[in-house]
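To convert, take the position in the sequence shown, counting from 1, and add 22; that gives this note's numbering. For reference, the structure discussed in these notes is given below.
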Amino acid sequence: MKRKRGNLSELMQFAGKHKYLTYSSWVLSVISAALALVPFVYIFFIIKEVIEVAPDFSQATHIVFNGWMAVVFAIASIIVYFGALMCSHLSAFRIAGNMRKKTMKHISELPLGFIGEAGSGKVRRIVNDSSAATETFLAHQLPDMAGAVATPIGMIIMLFLFDWRFGLISLVPVVLGFLCMFKMAGPKMAEDMKKYNGALEDMNNQAVEYVRGIPVVKTFGQTVHSFKKFQGSIDSYYKFCVSYCKKCRGPMLWFTMLINSAFAFIIALALILAGGEAITQGVLLNFIFYVIFTPVITTALTKVMYMSENGMIVADALERVHSILDLKPLPEAVNGETPQDNSVEFSGVSFRYSNAEADALKDVSFKVNAGQTVAFVGPSGGGKTTVAGLISRFWDVREGMVKIGGVNVKNIKHEELMNNVSYVFQDSKLLKTSILENVRLSKPHASEVEVLNALHKAQCDDIITKLPQGIHTVIGTKGVYLSGGEQQRIAIARVMLKNSPIIVLDEATAFADPENEALVQKAFKELSQDKTVIMIAHRLTTVRNADKIFVLKDGQIEDAGTHDELVSSGSLYAKMWRDYQTSIGWKVTARNAEVEMKGGAK
Ligand code: ADP
23 MKRKRGNLSE LMQFAGKHKY LTYSSWVLSV ISAALALVPF VYIFFIIKEV IEVAPDFSQA
83 THIVFNGWMA VVFAIASIIV YFGALMCSHL SAFRIAGNMR KKTMKHISEL PLGFIGEAGS
143 GKVRRIVNDS SAATETFLAH QLPDMAGAVA TPIGMIIMLF LFDWRFGLIS LVPVVLGFLC
203 MFKMAGPKMA EDMKKYNGAL EDMNNQAVEY VRGIPVVKTF GQTVHSFKKF QGSIDSYYKF
263 CVSYCKKCRG PMLWFTMLIN SAFAFIIALA LILAGGEAIT QGVLLNFIFY VIFTPVITTA
323 LTKVMYMSEN GMIVADALER VHSILDLKPL PEAVNGETPQ DNSVEFSGVS FRYSNAEADA
383 LKDVSFKVNA GQTVAFVGPS GGGKTTVAGL ISRFWDVREG MVKIGGVNVK NIKHEELMNN
443 VSYVFQDSKL LKTSILENVR LSKPHASEVE VLNALHKAQC DDIITKLPQG IHTVIGTKGV
503 YLSGGEQQRI AIARVMLKNS PIIVLDEATA FADPENEALV QKAFKELSQD KTVIMIAHRL
563 TTVRNADKIF VLKDGQIEDA GTHDELVSSG SLYAKMWRDY QTSIGWKVTA RNAEVEMKGG
623 AK
């Protein structure tokens with residue numbers, strides 16, 4: 023969606039009742055800019071007096087007074103500018119803070135699938151960095167802009183007060199400099215800035231995904247493949263930066279040269295005005311004044327240049343923040359219905375990811391009765407994770423209906439749905455807080471005894487015993503790291519504590535060690551007692567005893583039945599089972615060979 027309002031009015035929306043701070047900073051900045059011009063006038067008076075009384079300098083009696091006046095106005099300007107920055111910083115931090123709060127609040131209302139689809143690295147960058155990008159603009163650029171507008175006005179007044187010819191000629195490099203800047207900062211630059219931020223975001227995202235994936239990558243020896251994506255994003259960022267720098271090189275060179283060359287223009291004019299004769303006193307005085315005064319032009323112009331660049335950064339940051347704020351939360355059921363039992367049913371469900379070109383699920387129907395344990399198996403990309411996500415309403419279906427206890431999930435209030443369904447993710451995340459608090463996330467008022475009980479059932483006793491402060495140990499602090507399997511067991515304890523009647527288990531694809539795997543399986547078993555369980559099995563180890571197995575392929579249910587029924591039917595599952603057994607055979611043989619080799623080496 024295209025934003026219609028300007029950057030400023032958008033930013034002011036986040037300012038709340040602190041808008042007055044921003045406005046005060048502008049007023050103070052304009053006053054400071056005006057005060058900063060006054061010392062030049064006093065310096066001019068000093069030079070004028072010196073030239074007029076020459077060679078009898080004893081007659082110059084106002085030099086000290088004029089000098090002090092110049093100092094007083096310079097200091098006054100600095101003090102007022104300091105006040106302007108105080109106001110602008112206070113408002114800038116408030117605005118950035120409000121922006122973060124508003125975006126985070128909105129994210130918490132978005133469909134659960136949002137973070138997974140957007141990529142957590144990207145979301146982090148939008149929430150954190152985009153709001154930070156507005157800080158510099160609000161804290162420094164805006165007050166400077168007010169000052170930069172006031173300075174040329176002051177300059178034009180000066181131009182008429184002194185010699186208009188020198189005034190005019192000192193504006194020539196300003197105009198030329200501006201032309202160069204516009205060439206560089208046209209609409210094309212806004213586009214480039216967007217591309218630049220896009221490339222940076224992509225690199226950021228790939229870096230996060232890369233670092234996160236390192237354990238899996240190492241286990242499966244996919245180093246080259248996974249690094250390629252990251253390398254690709256670095257390469258495209260590098261290419262973009264180099265070509266962009268080259269594009270700006272010429273105009274930037276001219277701009278810097280021109281705004282620093284006002285002297286050259288003034289000297290040329292002085293020589294022309296003298297016309298080969300000795301320069302008159304009046305011309306000399308005005309010449310000296312403009313030589314002193316022109317550096318102000320350079321400073322003002324440089325500020326204006328960075329201002330336009332920052333304006334674009336802010337526009338881009340606001341657009342990114344709006345890419346989140348414009349997303350609609352899933353409509354909440356007005357008069358929520360209560361599920362009749364703990365069954366789960368899909369009827370004619372089709373679903374497509376917002377950024378995908380094909381359906382992830384096509385006309386999928388099945389029913390899981392209350393208390394049953396079912397497993398979804400099938401080739402990777404078949405749609406298993408999507409089924410799991412739709413049960414907890416991570417997204418809304420495109421066609422058909424997902425029902426819990428006979429009620430469409432769209433008609434169940436969000437809180438009620440969350441109380442009914444728990445999800446154990448493959449890569450469960452723990453927060454950097456104590457184990458107690460991590461488990462309590464699912465039930466904030468649970469007692470310590472309840473938490474310990476849940477941890478015990480989730481087979482976490484060994485973890486608690488080995489940690490220095492037991493359940494009060496903060497995860498992620500120095501020396502306290504948990505393996506993937508251990509983290510998953512703690513996540514299971516969290517779900518155990520919540521004790522919801524329907525559990526969706528997304529089984530982890532890889533475990534570092536068999537001991538952990540056995541404990542996780544045992545924890546799953548404890549968790550599943552007397553519950554409706556929907557298991558997403560990426561391997562076939564655990565599905566044999568399921569009440570029913572659904573084989574999902576290309577978004578459709580290809581087969582369904584018990585393990586024995588499916589094996590004897592000779593279907594896709596039977597083939598998968600055969601392959602799986604062969605792979606186990608391979609593992610056993612490989613291990614035997616390893617043992618033999620070790621034995622032989624002795
Ligand atoms: P499985 O869990 O069986 O491996 P998924 O449910 O993850 O399968 O994926 C089903 C299909 O949906 C695949 O074609 C996959 O590429 C696609 N898909 C999964 N997640 C997304 C997403 N966030 N955006 C777009 N397409 C997706």
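We put the beta carbon where it would ideally sit given N, CA and C, even for glycine.
Quick check: is any heavy atom of the ligand ADP less than 7 Å from the C-beta of residue i?
i, result
"T395", "no"
"E139", "yes"
"K406", "yes"
"Y375", "yes"
"A378", "yes"
"S402", "yes"
"L527", "no"
"L349", "no"
"L588", "no"
"L412", "no"
"A582", "no"
"A382", "yes"
"G574", "Sequence inspection shows Leu at residue 574; the Gly mentioned does not correspond to that position. Checking every heavy atom of the ligand ADP against the Cβ of L574, one is found closer than 7 Å."
Does DSSP put residue i in a helix, a strand or coil?
i, result
"S255", "helix"
"D385", "strand"
"S464", "coil"
"F416", "coil"
"T554", "strand"
"T395", "strand"
"A380", "coil"
"F572", "strand"
"Q448", "coil"
"E299", "coil"
"V502", "coil"
"L340", "helix"
"S369", "strand"
"S152", "helix"
"K488", "helix"
"S46", "helix"
"E529", "coil"
"K432", "helix"
"S113", "helix"
"E354", "coil"
Verify whether the separation of the beta carbon atoms of residue i and residue j is less than 8 Å.
i, j, result
"A382", "I434", "no"
"A106", "S47", "yes"
"G498", "K451", "no"
"K488", "I524", "no"
"A212", "M334", "yes"
"V443", "S414", "yes"
"A545", "I514", "yes"
"S22", "R342", "Past the edges of the chain, shown from 23 to 624, lies residue 22, and the structure says nothing about it."
"L686", "T44", "The chain is shown only over 23 to 624; residue 686 falls outside these bounds and no answer can be derived."
"G507", "E539", "yes"
"Y259", "M225", "yes"
"R462", "Q481", "no"
What does the alpha-carbon distance come out to for the pair residue i and residue j?
i, j, result
"I85", "L306", "19 Å"
"A410", "I556", "8 Å"
"I178", "L291", "18 Å"
"I294", "F287", "11 Å"
"M23", "K41", "With a pLDDT of 41 at M23, under the threshold of 50, the modelled position of that residue is not reliable, and the figure given next carries that caveat. Those two C-alpha atoms are separated by around 26 Å."
"N88", "S80", "16 Å"
"V446", "I101", "59 Å"
"N308", "V336", "42 Å"
"N29", "A170", "18 Å"
"A476", "Q491", "18 Å"
"G622", "E537", "Note that G622 scores a pLDDT of 45, beneath 50, so its modelled location is shaky and nothing firm can be said."
"S31", "L340", "11 Å"
"V517", "A596", "33 Å"
"I486", "E459", "14 Å"
"L57", "M126", "43 Å"
"K520", "V473", "10 Å"
Touching by the beta-carbon criterion (3+ pairs, under 8 Å), the segment 382-396 and the segment 567-586: yes
Segment contact, 8 Å Cβ cut-off, at least three pairs: the segment 337-354 with the segment 87-97: no
contact_flag[the segment 132-152, the segment 66-83] where n(CB pairs < 8 Å) is 3 or more: no
Sufficient close CB pairs (3 or more, under 8 Å) joining the segment 271-282 to the segment 142-161: no
Cβ contact check for the segment 182-191 and the segment 109-116: 3 or more pairs under 8 Å: no
Segment contact, 8 Å Cβ cut-off, at least three pairs: the segment 253-260 with the segment 296-316: no
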